[in-house]
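The sequence shown begins at -8 in the working numbering and counts up one residue at a time. In this text, a Cβ means the ideal position worked out from N, Cα and C, and glycines have one as well. Just so you know, these numbers come straight off a predicted model, no measurement behind them.
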Amino acid sequence: DIEDAAVVEEVYKWSNPRRLSQQDDDHPKGAGLSKMDMAELYTDIKDEGLMSPLICRWVMKDDNLIIQVLDGERRWRCIDKLVSGNEKVWCRGHKKWRSAAEVYKTVPCRIVIGNDKEALKIAFMVSDRSINWGEAAVAKLIRRLRHCGCDDEEILDTTKKSAQWLREQDRICALDDLT
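In structure tokens:
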């Protein structure tokens, strides 16, 4: 199901599930899209509109119900920048240029139901194919999945990696625990 799920102010308080596997100040350098790729995405959304909905779930954080973006946080950042910059964007529905604040008063979202473990699985599946997480972030993801109760089989099913790969990741996590 796709729905216009949240007004801009509410979506802005999203919490990226990749942050569940890494500290905000420990994001590996070079992971994610380059500045040039982000600029291209920004221009595409400005000139063509949002082509696919964000994948989100509702979560409670500090007694507030908020949107957590599982897939599409870069698209969301571009939309936020367009809105805050008072940019004119192409409105696919009206087939004309309008203010980003009007066009993205609500953002199309596909809402999924799931716990932290399922959110981590979705975030990994959609992101691993498009960006390099980096070894440190993957090791922290494995640690977080284990904390959520995932066994080897569930982790291998999520990551589509080999048992050898998982053993190596577990060794990296064990080294982190020693420091």
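* Go ahead and label Gln59 buried or exposed: buried means 16 or more other beta carbons lie within 10 angstroms of its beta carbon, across all protein chains shown. => What you label residue 59 is simply residue 68 of the sequence shown in a count that begins at 1. Flag for Gln59 reads buried.
* Give the DSSP-derived three-state secondary structure of Lys86 in the structure shown. => Here residue 86 refers to the residue found at position 95 of the sequence shown. Here Lys86 sits in coil by DSSP.
* **Contacts around Ala110, its chain only, beta-carbon distance under 7 Å, and the 5 residues preceding and following it disregarded** => For this step, residue 110 is matched to residue 119 along the sequence shown. Cβ neighbours of Ala110 beyond the five flanking positions: Pro8, Arg48, Gln59 and Leu61.
* To do: May I have the straight-line CA-CA distance separating Lys131 from Cys164, to the nearest angstrom?
  => Stepping through the sequence shown from its first residue, residue 131 is reached at position 140. Stepping through the sequence shown from its first residue, residue 164 is reached at position 173. Using only the alpha carbons, I get a separation of about 7 Å.
* To do: Say whether the region 88 to 104 touches the region 138 to 154, bearing in mind that this needs 3 or more beta-carbon pairs closer than 8 Å, one atom from each stretch.
  => no
* **Bridge partners - Thr149, DSSP secondary structure assignment** => Along the sequence shown, one-based indexing puts residue 149 at 158. Bridge partners of Thr149: none, in fact.
* Asked: If you scan the region 20 to 99 from start to end, which runs of the alpha helix (DSSP H) of 4 or more residues do you find wholly inside it?
  -> 26 to 39, 64 to 75 and 91 to 94
* Asked: Is it buried or exposed for Asp17, if we count other Cβ within 10 angstroms and need 16 for buried?
  -> As a first step, residue 17 is located in the sequence shown; it is residue number 26 there, counting from the start. The pLDDT assigned to Asp17 is 39, lower than 50, so where the model puts this residue is not dependable; a value taken from the coordinates is nonetheless given after this. When all chains shown are included, Asp17 counts as exposed.
* **Nearest to Gly63 (by Cα), restricted to the options Glu159, Val98 and Ser75** => For the purposes of this step, residue 63 is taken as residue 72 along the sequence shown, with counting starting at 1. Nearest of Glu159, Val98 and Ser75 to Gly63, Cα basis: Val98.
* **Reduced DSSP secondary structure (H/G/I, E/B, other) of Ile102** => Locating residue 102 in the sequence shown gives position 111, where the first residue counts as 1. In the structure shown, Ile102 sits in a strand (DSSP, three-state: E or B).
* **Residue nearest to Thr34 in terms of C-alpha spacing, selected from Val80, Asp54 and Leu56** => Position 43 of the sequence shown, counted from the first residue, corresponds to residue 34. Thr34 has its Cα closest to that of Val80, out of Val80, Asp54 and Leu56.
* If you draw a straight line from the C-alpha of Asp161 to the C-alpha of Arg68, how long is it? -> Position 170 of the sequence shown, counted from the first residue, corresponds to residue 161. Position 77 of the sequence shown, counted from the first residue, corresponds to residue 68. Their backbone Cα atoms lie some 33 Å apart in a straight line.
* **Asp142 - DSSP class collapsed to helix/strand/coil** => By 1-based counting over the sequence shown, the position of residue 142 is 151. Here Asp142 sits in coil by DSSP.
* Assigned exposure category for Ala154 - 16 Cβ within 10 Å defines buried -> In the sequence shown, residue 154 corresponds to position 163, counting from 1. Its Cβ having fewer than 16 others within 10 Å, Ala154 is exposed.
* Asked: Are Thr149 and Lys96 touching if we call contact CB-CB under 9 Å?
  -> Counted from its first residue, the sequence shown places residue 149 at position 158. Counted from its first residue, the sequence shown places residue 96 at position 105. Against a cut-off of 9 Å, the Cβ pair of Lys96 and Thr149 comes out as no contact.
* Close beta carbons around Ile216, own chain, < 7 Å, minus the five adjacent residues each side -> Outside the modelled stretch of the chain, which goes from -8 to 170, sits residue 216, for which no answer is possible.
* Minimum C-alpha distance to Asp38 - residue among Glu78, Leu136, Asp107 and Arg134 -> Here residue 38 is taken as the residue at index 47 of the sequence shown, counted from 1. Checking every option, the nearest Cα to that of Asp38 belongs to Glu78.
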